[in-house]
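Everything on this sheet refers to the single structure shown next.
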Amino acid sequence: MVSSSKIVKVALIGCGAVSQKYYAPALKALGKTHLLQVKVLHDPNEDSLARLRQYFPEACAVRDLTHISMQGIDLAIVASPARYHAEQALQLLKSGIAVLCEKPMAGTVAEAQAMIETAAKTSKILTVGLFRRFFPATQTIHRIVTGQVLGEIVSFDFSEGGYFRWPVKSPAYFKKDTSQGGVLMDIGVHLLDLMQWWFGEPTEISYADDAMGGIEVNCLLHCKFDQGFTGKIRLSRDCQLPNRYLICGSKGWILWEVNDAGAIHLGFTGAQLALKSKIYQTDPEKPALTAGKPCYNFEQSFTSQIVNVINALQGKQTLLVPGEEGIKSLKLIEYCYQHRYLMPMPWLSDRELITARHLNQQS
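Every number in the numbering used here is 16 more than the matching position in the sequence shown, counting from 1.
Below, the structure written as structure tokens:
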């Protein structure tokens, strides 16, 4: 445990797009509150390192992860390409350093389980960057669903994706031998995490994608749950989808627009009106039924996951996404890849379909 009066020393492993866009601004803001200090940066790409040095000029660049333990680091944020997550997280945990690992936490369930076991053996924190759990909107949906405000869940329809715009540095992101998967592993890990957080584990899964020897760009899932309801999930990297999650219950429905951290749509069965509701904090200085300040936005929610880890290190808070939670969506993804079939492609001839199905099974 780290003393609550101590500034937490942080190492940022991987200085690419996710660090430049999200982690660096969040860590810099938290550094101004004296909650933490970024002491170490690690990335083999000099240009990426230079960009992060603009945020943290006092941090030293370390070429070899074995040297990080000599820097007195309390927390390492692993934000490197996904294929390095497990290897680097294991090395850091064995060195006695707590780890916040970006999603996906590993390429396989076996790797993820090894990370969890190592964290337990070393008594070090392992948490996964499934930061959508920190959105006020997703937390509100969790309360509404588990509290049965909508009655019994009847169905859900989740869609997410559009034209790929993430600023990747190389084609490795799209190659089967260097990536951990396609759109299901990338976007789907967030979506499946929320699905299981809200509903529990599905009992039946049907999965189809368009991979033909490489990684999938589009995929489709149908899930069934113990309670009897079913749901549909559609993901894409080349087709603009509605980007919304719809949950229907016996008493009403919820609609959430992807990445809108502070609002939901809510309607009730038989009603002619619906709510588009912003989410507010309750004000401790006012009556309990009075809304206070607006809740966190996207960026503040991202920052909240880092605060959660630091508070857990100091014994003030429980981890919201420990490794044991992060592995759940990875188990579903691994199952999907092992039981995939080809998405409907009516434009292919019968002969082309035979070849496409064969390639899909090899993906």
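Where a beta carbon is used, it is the ideal one built from N, C-alpha and C, also for glycine.
No experiment lies behind these values; they were computed from the predicted model shown.
Element boundaries [alpha helix (DSSP H), containing residue i]
i: Gln-107; result: 101-110
i: Gly-283; result: Run containing Gly-283: none in the alpha helix (DSSP H); it sits in the beta strand (DSSP E), 279-284.
i: Lys-44; result: 40-48
i: Glu-344; result: Sequence inspection shows Lys at residue 344; the Glu mentioned does not correspond to that position. Looking at the DSSP string, the run of the alpha helix (DSSP H) that includes Lys-344 is 339-354.
i: Lys-137; result: 125-138
i: Ile-157; result: 152-162
i: Ala-66; result: 62-69
i: Ala-75; result: Here Ala-75 belongs to no alpha helix (DSSP H), and DSSP marks it neither H nor E.
Residue i classed as buried or exposed, judged by whether at least 16 other C-beta atoms fall within 10 angstroms
i: Gln-155; result: buried
i: Trp-213; result: buried
i: Ile-322; result: buried
i: Tyr-179; result: exposed
i: Tyr-71; result: buried
i: Ala-102; result: buried
i: Tyr-353; result: buried
i: Cys-264; result: buried
Boundaries of the beta strand (DSSP E) in which residue i is found, first to last residue
i: Asn-234; result: 234-240
i: Gln-53; result: 52-58
i: Leu-28; result: 24-29
Residue(s) in a DSSP beta bridge with residue i
i: Arg-260; result: Ser-175 and Glu-273
i: Tyr-296; result: Pro-310
i: Ile-221; result: Cys-239
i: Lys-248; result: Asp-173 and His-238
i: Val-144; result: Cys-117
i: Gly-229; result: According to DSSP, Gly-229 bridges with nothing at all.
i: Leu-291; result: Leu-282
Length of the line joining the Cα atoms of residue i and residue j
i: Ala-66; j: Ala-75; result: 11 angstroms
i: Pro-187; j: Arg-253; result: 15 angstroms
i: Ile-326; j: Lys-25; result: 10 angstroms
i: Glu-341; j: Arg-149; result: 11 angstroms
i: Thr-194; j: Asn-313; result: 34 angstroms
i: Pro-258; j: Thr-134; result: 40 angstroms
i: Gly-216; j: Phe-172; result: 13 angstroms
i: Lys-294; j: Pro-310; result: 8 angstroms
i: Ser-317; j: Val-337; result: 13 angstroms
i: Arg-69; j: Gln-53; result: 13 angstroms
i: Glu-220; j: Asp-80; result: 44 angstroms
i: Ala-15; j: Ala-27; result: There is no way to answer for residue 15, as the model of the chain reaches only from 17 to 379.
i: Arg-260; j: Val-274; result: 5 angstroms
i: Leu-329; j: Asp-59; result: 25 angstroms
i: Gly-47; j: Ala-40; result: 10 angstroms
Cβ pair residue i, residue j closer than 8 angstroms
i: Asn-376; j: Met-201; result: no
i: Ser-379; j: Gly-230; result: yes
i: Thr-319; j: Ala-42; result: yes
i: Ile-169; j: Phe-284; result: no
i: Ile-23; j: Ile-157; result: no
i: Arg-99; j: Gly-123; result: yes
i: Asp-242; j: Asn-234; result: no
i: Asp-299; j: Gly-286; result: no
i: Leu-346; j: Ala-128; result: yes
i: Ser-64; j: Ile-84; result: no
i: Arg-356; j: Tyr-223; result: yes
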